[in-house]
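Here is the structure we will look at.
Residue numbers (the working numbering): 98 to 169.
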């Protein structure tokens, strides 16, 4: 199944928003980690969980998970 150019752009915008929210969250979480506890970098757990989600979301935006319709 091929995505229309409009659908590709819409999905791309959604992924970019997801990426920006995640980066802004990390910009808050990393300094907070150093204020609260310098011994343990717990913000890395947020990053480890978040990166595969962004990867899967990017694959969705490119139509990787869309099922192919019969006759196409």
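The C-beta atom is built at its ideal place from N, Cα and C for all residues, glycine as well.
Which residues bound the alpha helix (DSSP H) around residue i?
i, result
"residue 99", "Segment: none, residue 99 is in no alpha helix (DSSP H) and carries neither H nor E."
Tell me whether residue i sits in a helix, a strand or coil according to DSSP, three-state version.
i, result
"residue 161", "coil"
"residue 108", "helix"
"residue 139", "coil"
"residue 134", "coil"
Taking the alpha-carbon of residue i as reference, which of the options has the nearest alpha-carbon?
i, options, result
"residue 124", "141, 113, 110, 112", "141"
"residue 109", "136, 121, 154", "154"
"residue 111", "136, 156, 145", "156"
"residue 118", "147, 160, 162, 161", "147"
Mind checking residue i: buried by the 16 CB within 10 Å criterion, or exposed?
i, result
"residue 158", "buried"
"residue 168", "Caution is warranted here: a pLDDT of 48 is assigned to residue 168, below 50, making its placement in the model unreliable, and no coordinate value can be reported."
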